[in-house]
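These notes concern the structure reproduced below.
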Amino acid sequence: MLTYAVYIALLLFSAAILLCLYRLIKGPDVVDRILALDTLAINFIAVIVLTGILIGSTILFEAALLIALMGFISTVALTRYLLRGDLIE
1 MLTYAVYIAL
11 LLFSAAILLC
21 LYRLIKGPDV
31 VDRILALDTL
41 AINFIAVIVL
51 TGILIGSTIL
61 FEAALLIALM
71 GFISTVALTR
81 YLLRGDLIE
């Protein structure tokens, strides 16, 4: 039963990734593209965690944690650059 739930969740998160890619390409504003990139990273992390549950590997959870950290830092850096024009003060 858990296997079916994981496959359904993978399918739904794959659809969410496709929608985020569409928003990333066709976003009317830079802010929408940054939000789409952040949401894309979150959906990608969910797919990695679901794959780890499916195959029973614990190393994928550590990879998801590292990707989450990089996604957070990149979102902060992009918004800081957008607001101030520089990253380092």
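Just so you know, we're using my numbering here: the sequence shown kicks off at 1 and counts up by one. Don't be surprised by glycine CBs; every beta carbon is placed ideally from N, CA and C.
Residue from the options whose Cα sits closest to the Cα of residue i
{"i": "Phe13", "options": "Thr39, Val31 and Val47", "result": "Val47"}
Backbone CA spacing between residue i and residue j [nearest angstrom]
{"i": "Leu2", "j": "Ile53", "result": "9 Å"}
{"i": "Leu21", "j": "Ser57", "result": "28 Å"}
{"i": "Ala63", "j": "Thr39", "result": "17 Å"}
Helix, strand or coil at residue i [DSSP, three-state]
{"i": "Asp32", "result": "helix"}
{"i": "Ser74", "result": "helix"}
{"i": "Ser14", "result": "helix"}
{"i": "Thr58", "result": "coil"}
{"i": "Gly52", "result": "helix"}
Classification of residue i by the beta-carbon crowding that lies within 10 angstroms, buried from 16 upward
{"i": "Ile45", "result": "buried"}
{"i": "Val49", "result": "buried"}
{"i": "Leu37", "result": "buried"}
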